[in-house]
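A.B. asks: This structure is in C-alpha cells; I'll ask about it shortly.
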C-alpha cells in the first residue's frame, strides 16, 4: 500500500469515528502518525478537511465533498487487491466484516481466530453497528459482508446460519418468572420496555406479525438499559436469547408460545459480484458450528 492509499484509509476512518485517537487505535497507528497523514492530505488538497475541537473532529464542507470520492477510490483498490489474489486462487487480503453487538460478544473473536488460522494471509477488519449500518456498509462498498438478522426486500444476498430464539425477560421477582412459556398474545397484558426505532428490529418483527401492540412503559436507547430496567421489575421485554447470554443482570427468561425466533445469517452483495475471499468466508461460516 502506497502513502496515498494509507492517507485515504486514515481519512475515511477519522471521518467515520470523528476522533483521531480512536482512528489511530482502530488502524493500529500512532496518534501522531494519523495527525501527520491528515495534515499531509490537507496540504495536498490545499484546504482544511477537518474542523478540530476538544471533543473530536468533523468534516469541513471541502472534506464532505471529498468523502465519497475517497471512499470510491478505496473501494476500487480493495476490489482490485482481492481480484489480483483470486487470479492465482490465493485466499488473501483484507476482509471487511460488519457485526452487531450480541453476535460480536459471543462469536466473532473465535470465528476470526479459526478462519485466519486456516487462511493466515487474510486480515479481517471488523465494524460493529446496528443492522442498518451494516446493510448500508455492504451496499456502499465499505464492507464486504456482515452478520445480520434475516433481511427482507433487500438487494443483498442473505445466507441463513442459525436460529436465535426470542425470549421474554422478567425480573426473578415477577409472578411469571417460573412459567414454562408465555402465550404470545399475553405480551400486551404487562408493562413493556422497548428500544427506540432502529435498534428493535427483531422485537418489532414478532409484534408486527402477531398484530400485537404492547403497553409500552419505557422506550430506551440500548439493550443494556432495557435489561437493567427489567431486572428492577419495571416491566417485561422481548429479546433474542443470544443477547441474554451477554448480560450480567439477574433475569428470568421464558420462551413464547408458539415459539418465535430470529434467523442470523451472513449478508453480501449478490454472490456473482463477490470475490474469492468473500466466497471462501461464506463457505467457512456455512460449515461453522454456532451452538451455544
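In our numbering, the protein residues as written are 914 to 1205.
Every residue, glycine too, gets a C-beta built ideally from N, C-alpha and C.
#1: Apply the 10 Å Cβ neighbour rule to residue 1151 and answer buried if 16 or more other Cβ atoms are within range, or exposed otherwise.
#2: At least one CB of chain C closer than 8 Å to the CB of residue 1153: is that the case?
#3: Taking just the CA atoms, how far does residue 1044 sit from residue 1022?
#4: What separation, rounded to the nearest whole angstrom, lies between the Cα atoms of residue 1117 and residue 1093?
#5: Hey, residue 1073 and residue 1178 are a contact pair by Cβ (cut 8 Å); roughly how many whole angstroms apart?
#6: Check whether the region 1025-1043 and the region 1161-1170 are in contact - that is, three or more C-beta pairs closer than 8 Å.
#7: What is the DSSP secondary structure of residue 1006, counted as helix, strand or coil?
#8: Classify residue 982 as buried or exposed, calling it buried when 16 or more other Cβ atoms lie within 10 Å of its own Cβ.
#9: If I follow the unbroken beta strand (DSSP E) through residue 1075, where does it start and stop?
#10: Look at the alpha carbon of residue 1157 and the alpha carbon of residue 1181, and state the distance between them as a whole number of angstroms.
#11: Can you give me the Cβ contacts of residue 1190 inside the same chain, cut-off strictly under 8 Å, excluding the 5 residues immediately before and after it?
#12: Spell out a yes or no on whether the region 1118-1135 and the region 973-988 are touching, meaning 3 or more CB-CB pairs, one atom from each, closer than 8 Å.
#13: Specify, as a first and last residue, the run of the alpha helix (DSSP H) that residue 1137 falls within.
#14: Please tell me whether residue 1106 and residue 1081 are closer than 8 Å, where the distance is taken between their beta carbons.
#15: Classify residue 1017: buried if its beta carbon has 16 or more other beta carbons within 10 angstroms, exposed otherwise.
#16: Identify, in the order they occur along the chain, each residue of the same chain with its Cβ nearer than 7 Å to the Cβ of residue 990, setting aside the five sequence neighbours on each side.
#17: Do residue 920 and residue 950 have their CB atoms nearer than 8 Å?
#18: Is it buried or exposed, residue 1026, if we count other Cβ atoms within 10 angstroms and call 16 or more buried?
#19: With a threshold of 16 other CB atoms inside 10 Å of the CB of residue 937, please say whether the residue is buried or exposed.
#20: Run through the region 1034-1071 for me and flag every whole beta strand (DSSP E) of 3 or more residues, listed as ranges in chain order.
#21: Quick one: using the 10 Å Cβ neighbour count with 16 as the cut-off for buried, is residue 993 buried or exposed?
#22: Using 10 angstroms around the beta-carbon of residue 1134, count the other beta-carbons present and answer buried if the total reaches 16, otherwise exposed.
#23: Should residue 1200 go down as buried or exposed, given a rule of 16 or more other Cβ atoms within 10 Å for buried?
C.D. replies: Looking at the coordinates:
#1: buried
#2: Considering every chain present, this structure includes no chain C. It has just one protein chain.
#3: 19 Å
#4: 23 Å
#5: 4 Å
#6: no
#7: strand
#8: exposed
#9: 1070-1083
#10: 27 Å
#11: 995, 998, 999, 1004, 1005, 1006, 1008, 1035 and 1057
#12: no
#13: 1136-1144
#14: no
#15: buried
#16: 918
#17: yes
#18: exposed
#19: buried
#20: 1035-1041 and 1058-1062
#21: exposed
#22: exposed
#23: exposed
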